[in-house]
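**Q** Numbering (the working numbering), first residue to last: 258 to 513.
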């Protein structure tokens with residue numbers, strides 16, 4: 258049986274929308290946005306299908322690394338290990354207008370999801386403001402969660418196509434060991450604040466051989482749910498050198 262990646266991704270979009278609506282059934286603002294977005298997503302599908310007939314396969318998802326800068330020094334960060342991440346903003350980064358042009362092109366090609374990544378994407382508020390102008394596209398923002406402030410809370414509340422996805426490693430000890438002392442408490446406070454304001458958000462869990470069982474446990478998933486988390490992404494740890502290879506999950510553990 259031939260595996261068709263395009264069909265797989267198309268089905269994934271349908272699952273995401275259906276599951277999102279179930280998760281947000283008691284959130285009027287989110288349901289209204291998702292219903293409108295579903296209409297845009299169907300239109301985008303037709304655009305991609307038209308391109309496909311002409312021999313052009315347009316992806317459903319796009320990953321946009323909008324900055325190389327980050328305010329944390331996480332242990333085992335592959336981006337810093339590859340000198341792709343820095344403490345300050347390099348001079349050769351795309352401007353907010355250039356990123357907006359990319360968003361427009363993506364919309365015209367039928368791309369429905371653009372992941373905003375980094376570095377730490379919330380250092381580029383100018384780009385995120387541009388993204389907020391395109392409700393036809395859903396923008397998950399993969400963030401370390403330390404830069405959530407009143408301006409961002411107001412922005413996320415007003416623009417439901419912006420969905421913060423907070424990176425967390427598990428409990429306080431494991432998270433702070435990798436990301437820095439006090440980061441876990443900041444993440445929990447950010448989640449609690451967004452829950453109170455009915456802002457949809459997700460969590461990004463980097464799993465290693467050491468924390469996989471805990472992250473997959475019902476107890477931990479229930480904890481995230483109680484904090485208001487609506488979507489979870491599992492990210493496999495990427496070894497940065499020979500000393501961290503043993504942290505990578507084996508094939509049997511990936512099957513979990």
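From the three backbone atoms N, C-alpha and C, an ideal C-beta is built for every residue, glycine too.
1. Would you mind working out which of 317, 437 and 490 sits nearest residue 334, comparing C-alpha positions?
2. Would you call the CB atoms of residue 414 and residue 452 closer than 8 angstroms?
3. Assuming contact is defined by CB atoms lying nearer than 8 angstroms, are residue 423 and residue 444 in contact in what I supplied?
4. CA-CA distance, residue 287 and residue 324?
5. For the alpha helix (DSSP H) containing residue 347, name the first residue and the last one.
6. Only counting the same chain, and skipping five residues up and downstream in sequence, which positions put a Cβ closer than 6 angstroms to that of residue 367?
7. When the Cα of residue 399 is compared with those of 416, 391, 378 and 388, which residue comes out closest?
8. Select from 450, 496, 283 and 470 the residue whose C-alpha is nearest the C-alpha of residue 406.
9. Whose C-beta lies closer than 6 angstroms to the C-beta of residue 489 among residues of the same chain, with five residues either side of it excluded?
10. Report the option in 401, 504, 462 and 464 whose CA atom is closest to the CA atom of residue 329.
11. Let's see if you can read the secondary structure: which residues bound the beta strand (DSSP E) around residue 421?
12. Who are the near neighbours of residue 348 in its chain, counting only those whose CB is closer than 6 angstroms to its CB and skipping five residues on each side?
**A** The relevant details are as follows:
1. One-based indexing of the chain shown puts residue 334 at position 77. Ranking the options by Cα distance to residue 334, first place goes to 437.
2. Taking the first residue of the chain shown as 1, we reach residue 414 at position 157. Taking the first residue of the chain shown as 1, we reach residue 452 at position 195. The answer is no: Cβ separation not under 8 angstroms.
3. Taking the chain shown and counting its residues from 1, one reaches residue 423 at position 166. Taking the chain shown and counting its residues from 1, one reaches residue 444 at position 187. Yes, they are a contact pair.
4. Taking the first residue of the chain shown as 1, we reach residue 287 at position 30. Taking the first residue of the chain shown as 1, we reach residue 324 at position 67. In a straight line, the C-alpha of residue 287 is about 28 angstroms away from that of residue 324.
5. Here residue 347 refers to the residue found at position 90 when the chain shown is read from its first residue. Residue 347 -> no alpha helix (DSSP H), and no H or E assigned at all.
6. Numbered from 1 along the chain shown, position 110 holds the residue referred to as residue 367. Hits under 6 angstroms: 301, 304, 305 and 315.
7. Along the chain shown, read from residue 1 onward, the residue named residue 399 stands at position 142. For the residues 416, 391, 378 and 388, the minimum Cα distance to residue 399 belongs to 378.
8. The residue you call residue 406 lines up with position 149 of the chain shown. Per the Cα distances, 450.
9. In the chain shown, the residue the question calls residue 489 occupies position 232. So the qualifying residues of the chain are 460.
10. Translated into the one-based positions of the chain shown, residue 329 becomes position 72. The shortest Cα separation from residue 329 among 401, 504, 462 and 464 belongs to 401.
11. Within the chain shown, numbered from 1, the residue matching residue 421 stands at position 164. Element bounds for residue 421: 419-425.
12. Stepping through the chain shown from its first residue, residue 348 is reached at position 91. Hits under 6 angstroms: none found.
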